[in-house]
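Shown next, in structure tokens, is the structure this report addresses.
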Amino acid sequence: MVLSQDDDTFDEGKEFLPALIMSTKKHLPGVTYLSLSLHGLSSLEIASLHKMLYKGPSWDAVEVLKSDLQPVTLWEFLRNSLRNVDSIDIVPSMARHRVTFIKAGCPHLRRLRVNFRNPLYDFLQHLTGNSWVKLNELENIEQLVIQRSPGPETVHQTGGIHRPIDITDRLCEIADHLRDLTALRQLSMEFHPRVMTWIMFPHPRLNPGHYRRIELDTFVMTAIMAMGARLLQVEEICLVERSAVFNGVNMVHRGVRDPNGEMAVTIEAPGHENSFPLNISH
């Protein structure tokens, strides 16, 4: 409860909710995992929170942050409050310049999960675009998870993969832009079968044994092995396949580097939702 005094300048209209957050931080200093949503706060409340973060104590125990924070607010938290965070899970779709604020506020970041509408296309567009700072400039990243933003399943004509061989070409182009991430050890990217525009009606044609299923699995395996040949520092590369039937993950195409340095690729059922490759490891 926040109680104002007669001589207090506390403005309940814009400062009550931010004060609750600050009170939580004060009384729960040992929290290591923070899931925070500020959706619905007014601009005045956000401005008030920024001032409180600047003046208040830091939340030093927090190591993992899951949030829908806007870029500037995320930067304020990382700069003034969450100084020891090494893992960030970004809930909304990736904003154009969000990485700029992540790098400025948390240059030592080791694990990151972000969302794109069509990961295999939008991630590449991000890497080749004109963002101020790109994901491949986070030089301390060890684990990177690229997920698909929640939303309706649609056929991706823009950014779609029109031939099986294009899977390898697309993923190798992504890999070429990640070569300088020398700390990177684990990479996971999610895709929906509808991005494969060469598969008409993926639901019945991706059943086990169907020639389209065999084609997709074969070319995904080839792509993972080709990425592994380019990213010699990476120990694990996963392509997470969404279901064409239900809202969830169908399978994981997992490549793990063997003792000979080659990528051994297997197909697995999805594991725990809060661990790699579906999420950053907590």
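In the numbering used here, each number is its position in the sequence shown, counted from 1, plus 73. Each residue gets a CB set at the ideal place from its N, CA and C atoms; glycine is no exception.
Inset, instruction - In angstroms with no decimal places, state the Cα-to-Cα distance between residue 255 and residue 168. - result: The sequence position of residue 255 within the sequence shown is 182, counting from 1. The sequence position of residue 168 within the sequence shown is 95, counting from 1. Going from the Cα of residue 255 to the Cα of residue 168 covers about 25 Å.
Inset, instruction - Give me the Cβ distance between residue 307 and residue 244, rounded to the nearest whole Å; I'm assuming they're in contact under 8 Å. - result: Along the sequence shown, one-based indexing puts residue 307 at 234. Along the sequence shown, one-based indexing puts residue 244 at 171. The C-beta distance from residue 307 to residue 244 rounds to 12 Å, too long to meet the 8 Å contact threshold.
Inset, instruction - Could you please give me the residues that DSSP links to residue 168 through a beta bridge? - result: Reading the sequence shown from its first residue, position 95 is the one you call residue 168. DSSP, once it has assigned bridges, lists no residue as partnering residue 168.
Legend entry - DSSP beta-bridge partners of residue 300: As a position in the sequence shown, residue 300 is number 227, starting the count at 1. DSSP lists no partner for residue 300.
Inset, instruction - From the DSSP output, in three-state form, read off residue 215 for me. - result: If you number the sequence shown from 1, residue 215 lands on position 142. Here residue 215 sits in coil by DSSP.
Legend entry - Inside the region 102-132 only - alpha helix (DSSP H) runs reaching at least 4 residues: 116-128
Legend entry - Beta carbon of residue 211 nearer than 8 Å to that of residue 247: The residue labelled residue 211 in the question sits at position 138 within the sequence shown. The residue labelled residue 247 in the question sits at position 174 within the sequence shown. The answer is no: Cβ separation not under 8 Å.
Inset, instruction - Note down the Cα distance separating residue 181 from residue 170, rounded to an integer number of angstroms. - result: Stepping through the sequence shown from its first residue, residue 181 is reached at position 108. Stepping through the sequence shown from its first residue, residue 170 is reached at position 97. Going from the Cα of residue 181 to the Cα of residue 170 covers about 18 Å.
Inset, instruction - May I have the straight-line CA-CA distance separating residue 296 from residue 349, to the nearest angstrom? - result: The residue you call residue 296 lines up with position 223 of the sequence shown. The residue you call residue 349 lines up with position 276 of the sequence shown. Cα-Cα distance, rounded: 20 Å.
Inset, instruction - Whole angstroms is fine: what's the gap from residue 323's alpha carbon to residue 334's? - result: One-based indexing of the sequence shown puts residue 323 at position 250. One-based indexing of the sequence shown puts residue 334 at position 261. Roughly 28 Å between the two C-alpha positions.
Inset, instruction - Taking all protein chains shown into account, decide if residue 91 is buried (16 or more other Cβ within 10 angstroms of its Cβ) or exposed. - result: Taking the first residue of the sequence shown as position 1, residue 91 is located at position 18. Residue 91 comes out buried.
Legend entry - Assigned exposure category for residue 205 - 16 Cβ within 10 Å defines buried: Within the sequence shown, the letter at position 132 stands for residue 205. That one is exposed.
Inset, instruction - Using a threshold of 8 Å, state whether the C-beta atoms of residue 269 and residue 275 are closer than that. - result: Reading the sequence shown from its first residue, position 196 is the one you call residue 269. Reading the sequence shown from its first residue, position 202 is the one you call residue 275. Yes, the pair counts as a contact, with Cβ atoms nearer than the cut-off.
Inset, instruction - Compute the beta-carbon to beta-carbon distance between residue 65 and residue 121, rounded to the nearest angstrom, for a pair I have assumed lies under 8 Å. - result: Because the chain in this structure spans residues 74 to 355, residue 65 falls outside the shown range and cannot be described.
Legend entry - residue 193 versus residue 100: straight-line alpha-carbon distance, rounded: Counting from one through the sequence shown, the residue named residue 193 turns up at place 120. Counting from one through the sequence shown, the residue named residue 100 turns up at place 27. One C-alpha to the other measures close to 43 Å.
Legend entry - Cβ pair residue 262, residue 219 closer than 8 Å: In the sequence shown, counting from the first residue as 1, residue 262 sits at position 189. In the sequence shown, counting from the first residue as 1, residue 219 sits at position 146. Yes, these two residues count as a Cβ contact at 8 Å.
Inset, instruction - Going by CA-CA distance only, name the one from 145, 213 and 146 that's closest to residue 257. - result: Position 184 of the sequence shown holds residue 257. With distances taken between Cα atoms, residue 257 lies closest to 213.
Inset, instruction - On the DSSP bridge assignment, give the partners of residue 162 in chain order. - result: Translated into positions along the sequence shown, residue 162 becomes position 89. BP columns for residue 162 point to 139 and 186.
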